[in-house]
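Numbering (my numbering), first residue to last: -4 to 389. We put the CB at the ideal spot given by N, CA and C, even for glycine. Being a predicted model, the structure only gives us computed values, none of them experimental.
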């Protein structure tokens, strides 16, 4: 037998044909397998391309979201407009409220300013924002801690009134039967906020005892008194732990001075040494700041305008003067601070601030701007008005 003879020589014609068919099918299968491999490679390439583009889209979205937050912190209305135009936020009260409630990267002063506006959408957002809070089974102090931490309360009385009215309604809805009406919750909420200030503000020397807290809240529960045990729990809670005031997230003095109400050069009369010095003044956020140079990052002095008044005044040495003073505490130092020569922050020494402008027109413009910015503590007036409302229902 010739072992070198090919196998086909030993096969019948039928077997040979079958072998050829098998080889042909094998070739077809190999070609199909290669096509599948090529298709799989193409799919993986498309997936890689898609993931890359998706990552790029996500990066772009994150970038736009960051821009939107910064815009909101500078101007809440423009920030919301930017976010909705870029499809990052639906223009509905519920979606905007959720965005503010989560508050990621948002300035809480800006949140408070947006919630305080009277536009119909802002009012809807305020209601939806308050509805995001769950106050069930919380006492009033616990609920206020949660609520007042979620934004920074603005200074205008009307804005505060709307916010606290909405809070009181939400608290009573979550805790039926605790108070006879939302008016009771409203008045007691302000009483608690004022108590917090009286107990923990270092400028307040007269610390009210529990008995005074009880006395100031007599008759507010539909003409009747609240249980003393309930008031005791609220009083002790505030006494042991003051409210935490939210810091402005991502904010510093650069943000504070970014969009002032007014700024410019003025002359200021010294408090202890009566000399006139040229200072760069910035009016913003209910405070008057003054700097030695426009390029300074930190102010030389800060004058909170709360409870102050401003008026024209004649001065024998300088024309076009205005004066900041406390009408209720003439002769006492105004609550203010400044940095001394060593860079230490010290208490101001002024019983009033006398400032000279370059012209009568400029002086009048400063007076108008300061008057618009001055904030008197509105809580007492709001509480008094609400107590009168309760009394009228009896």
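State the start and end residues of the unbroken alpha helix (DSSP H) segment that holds residue i.
{"i": "residue 210", "result": "205 to 211"}
{"i": "residue 388", "result": "374 to 388"}
{"i": "residue 140", "result": "135 to 144"}
{"i": "residue 306", "result": "Not the alpha helix (DSSP H): residue 306 falls in the beta strand (DSSP E), residues 304 to 308."}
{"i": "residue 223", "result": "223 to 235"}
{"i": "residue 160", "result": "152 to 169"}
Have a look at residue i and residue j and give me their C-alpha separation to the nearest angstrom.
{"i": "residue 91", "j": "residue 143", "result": "19 angstroms"}
{"i": "residue 30", "j": "residue 23", "result": "10 angstroms"}
{"i": "residue 103", "j": "residue 86", "result": "20 angstroms"}
{"i": "residue 358", "j": "residue 315", "result": "6 angstroms"}
{"i": "residue 96", "j": "residue 121", "result": "10 angstroms"}
{"i": "residue 8", "j": "residue 27", "result": "29 angstroms"}
{"i": "residue 160", "j": "residue 382", "result": "14 angstroms"}
{"i": "residue 131", "j": "residue 298", "result": "41 angstroms"}
{"i": "residue 239", "j": "residue 37", "result": "58 angstroms"}
{"i": "residue 151", "j": "residue 329", "result": "21 angstroms"}
{"i": "residue 354", "j": "residue 155", "result": "37 angstroms"}
{"i": "residue 312", "j": "residue 368", "result": "28 angstroms"}
{"i": "residue 332", "j": "residue 185", "result": "28 angstroms"}
{"i": "residue 291", "j": "residue 276", "result": "12 angstroms"}
{"i": "residue 202", "j": "residue 162", "result": "27 angstroms"}
{"i": "residue 388", "j": "residue 360", "result": "45 angstroms"}
{"i": "residue 394", "j": "residue 321", "result": "This structure does not reach residue 394, given that the chain is present from -4 up to 389, and the question cannot be answered."}
{"i": "residue 165", "j": "residue 42", "result": "49 angstroms"}
{"i": "residue 224", "j": "residue 205", "result": "11 angstroms"}
{"i": "residue 211", "j": "residue 153", "result": "23 angstroms"}
{"i": "residue 168", "j": "residue 213", "result": "23 angstroms"}
{"i": "residue 60", "j": "residue 269", "result": "52 angstroms"}
{"i": "residue 222", "j": "residue 196", "result": "27 angstroms"}
{"i": "residue 304", "j": "residue 208", "result": "30 angstroms"}
{"i": "residue 127", "j": "residue 93", "result": "7 angstroms"}
{"i": "residue 5", "j": "residue 13", "result": "14 angstroms"}
{"i": "residue 106", "j": "residue 136", "result": "22 angstroms"}
{"i": "residue 171", "j": "residue 340", "result": "49 angstroms"}
{"i": "residue 293", "j": "residue 80", "result": "36 angstroms"}
{"i": "residue 18", "j": "residue 10", "result": "12 angstroms"}
{"i": "residue 181", "j": "residue 377", "result": "9 angstroms"}
{"i": "residue 32", "j": "residue 39", "result": "10 angstroms"}
Hey, quick one: how far does the beta strand (DSSP E) through residue i stretch, first residue to last?
{"i": "residue 6", "result": "Here residue 6 belongs to no beta strand (DSSP E), and DSSP marks it neither H nor E."}
{"i": "residue 286", "result": "282 to 286"}
{"i": "residue 184", "result": "Here residue 184 belongs to no beta strand (DSSP E); instead the alpha helix (DSSP H) covers 177 to 195."}
{"i": "residue 324", "result": "No beta strand (DSSP E) contains residue 324, which DSSP labels as neither H nor E."}
{"i": "residue 84", "result": "Looking at the DSSP string, residue 84 is not in any beta strand (DSSP E), and its letter there is neither H nor E."}
{"i": "residue 279", "result": "271 to 279"}
{"i": "residue 262", "result": "257 to 264"}
{"i": "residue 296", "result": "296 to 299"}
Please check the pair residue i and residue j, which I expect to be a contact at CB under 8 angstroms, by giving their CB distance rounded to whole angstroms.
{"i": "residue 348", "j": "residue 318", "result": "7 angstroms"}
{"i": "residue 188", "j": "residue 67", "result": "Between residue 67 and residue 188 the Cβ distance is about 26 angstroms, and since that is not below 8 angstroms, they are no contact."}
{"i": "residue 98", "j": "residue 83", "result": "About 15 angstroms; that fails the 8 angstroms criterion."}
{"i": "residue 158", "j": "residue 111", "result": "7 angstroms"}
{"i": "residue 300", "j": "residue 365", "result": "7 angstroms"}
{"i": "residue 256", "j": "residue 278", "result": "5 angstroms"}
{"i": "residue 351", "j": "residue 262", "result": "4 angstroms"}
{"i": "residue 274", "j": "residue 295", "result": "7 angstroms"}
{"i": "residue 229", "j": "residue 134", "result": "7 angstroms"}
{"i": "residue 88", "j": "residue 119", "result": "4 angstroms"}
{"i": "residue 233", "j": "residue 191", "result": "5 angstroms"}
{"i": "residue 241", "j": "residue 140", "result": "Contact flag wrong, Cβ pair sits at about 11 angstroms."}
{"i": "residue 342", "j": "residue 326", "result": "Contact flag wrong, Cβ pair sits at about 16 angstroms."}
{"i": "residue 307", "j": "residue 362", "result": "7 angstroms"}
{"i": "residue 149", "j": "residue 108", "result": "6 angstroms"}
Consider the Cβ of residue i: report whether some Cβ of chain D lies at a distance smaller than 8 angstroms.
{"i": "residue 173", "result": "The chain inventory of the structure shown lacks chain D, comprising one protein chain alone."}
Exercise. For the 8 angstroms Cβ check, are there 3 or more pairs between the region 171 to 179 and the region 213 to 226?
Worked result: yes
Exercise. Can you list the alpha helix (DSSP H) stretches of 4 or more residues lying completely in the region 97 to 128, in chain order?
Worked result: 103 to 111, 115 to 126
Exercise. Whole alpha helix (DSSP H) runs in the region 329 to 371 with 4 or more residues, listed along the chain?
Worked result: 355 to 368
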